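What follows is a short report on a single structure.
Residue numbers (the numbering used here): 105 to 384.
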């Protein structure tokens, strides 16, 4: 499938994941530890079933260093994100998470010997400026330990993206192996993760939707996409996720639409467009 179709699909999955986490954790229908464990295990089981159906499931990846790095980074991202999300506003969490992702991926892009064109600098500046304007109204000064936790989540996600970019395996194999290892780590530390268990039917449902659809299947699409685009493009494209979530909230939840949010969203999307156009 063309990148023009799969990239928006992956970003839609990311936005859906954000909404699922928001519904589950902000309503306190499930504790962060249980949400993370269910999310990772359900994703792993679904992907393993798909691999088994295609006759591609084997355990050789358990001896592969990159598979363990991918699994560890996915586990770190999922745990840190879930726990930080419960103590941060949507705007603050997004600013820290995506800010760290941008710094890490753009830094990796520059360290690889790539130089940024003038149009790319303009695109990055516009998209980040629009993103900050969009998120600032709901941002608050966070406690340093919670901010650090979300920053760790951002670094782990950036590492997970870079590993997918460089993986020699198919996207489905890479994601399956990462999920299996991440779910193994989640089970291993579950007694420490789930210290104050709280689980309802709605909370479990949101966790399953996050694990099976938005994370499991969504990440396969993402790993397919990032092999076809640059690290810089992968970095700035993710700034559209809060924009998609904003549009979904306005349409599906009837949230207020403010002109400043519309203009900020246009800045983000315009900046992303400039980065992609500059590569042609």
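Where a beta carbon is used, it is the ideal one built from N, C-alpha and C, also for glycine.
Fair warning: this is a prediction, and the values are worked out from it, not measured in the lab.
Residue i and residue j look like a contact to me (Cβ under 8 Å); what is the Cβ gap, rounded to whole Å?
i           : j           : result
residue 172 : residue 285 : 6 Å
residue 246 : residue 192 : 6 Å
residue 209 : residue 291 : The Cβ separation is near 30 Å, so there is no contact.
residue 345 : residue 119 : 5 Å
residue 234 : residue 378 : Rounded, the Cβ-Cβ distance is 12 Å, inconsistent with contact.
residue 179 : residue 281 : That belief does not hold up - the Cβ atoms of residue 179 and residue 281 are roughly 13 Å apart, past 8 Å.
residue 231 : residue 366 : Residue 231 to residue 366, Cβ: 15 Å. No contact.
residue 325 : residue 117 : 7 Å
Give the single residue among the options whose Cα lies nearest to the Cα of residue i.
i           : options               : result
residue 254 : 182, 302 and 275      : 182
residue 369 : 158, 348, 205 and 306 : 348
residue 130 : 367, 197 and 206      : 197
residue 248 : 256, 143 and 242      : 256
residue 126 : 258, 194 and 239      : 194
residue 138 : 382, 304 and 361      : 304
residue 252 : 144, 140, 213 and 185 : 185
residue 337 : 250, 269, 323 and 353 : 269
residue 289 : 128, 116 and 142      : 142
residue 200 : 258, 159 and 170      : 258
residue 374 : 363, 109 and 227      : 227
Hey, quick one: how far does the alpha helix (DSSP H) through residue i stretch, first residue to last?
i           : result
residue 165 : From DSSP, residue 165 is part of no alpha helix (DSSP H); its letter is neither H nor E.
residue 205 : 194 to 215
residue 156 : 136 to 157
residue 240 : From DSSP, residue 240 is part of no alpha helix (DSSP H); its letter is neither H nor E.
residue 390 : In the structure as shown, the chain begins at 105 and stops at 384. Residue 390 is therefore absent and cannot be evaluated.
residue 254 : 248 to 270
residue 190 : Counting along the chain, residue 190 falls outside any alpha helix (DSSP H), and DSSP gives it neither H nor E.
residue 301 : From DSSP, residue 301 is part of no alpha helix (DSSP H); its letter is neither H nor E.
residue 126 : 107 to 130
message = Taking 8 Å as the cut-off, does the stretch 257 to 275 touch the stretch 143 to 157 (at least 3 CB pairs, one atom from each stretch)?
response = Fewer than three Cβ pairs drawn from the stretch 143 to 157 and the stretch 257 to 275 lie within less than 8 Å of each other, which leaves the two stretches out of contact.
query = Is the stretch 306 to 320 close to the stretch 267 to 277, with three or more CB pairs under 8 Å?
reply = With a cut-off of 8 Å, the stretch 267 to 277 and the stretch 306 to 320 do not count as touching, because too few Cβ pairs lie within range.
ask   = Which full runs of the alpha helix (DSSP H) of 4+ residues lie inside the stretch 314 to 375, going along the chain?
value = Those alpha helix (DSSP H) runs which fall completely within the stretch 314 to 375 and span 4+ residues are 322 to 330, 335 to 341 and 344 to 356.
message = Check whether the stretch 217 to 231 and the stretch 322 to 333 are in contact - that is, three or more C-beta pairs closer than 8 Å.
response = With the cut-off at 8 Å, the stretch 217 to 231 and the stretch 322 to 333 do not touch.
request  = Take every Cβ of the stretch 294 to 303, pair it with every Cβ of the stretch 234 to 245, and state whether three or more of those distances are shorter than 8 Å.
outcome  = With the rule of 3 Cβ pairs closer than 8 Å, the stretch 294 to 303 does not count as touching the stretch 234 to 245.
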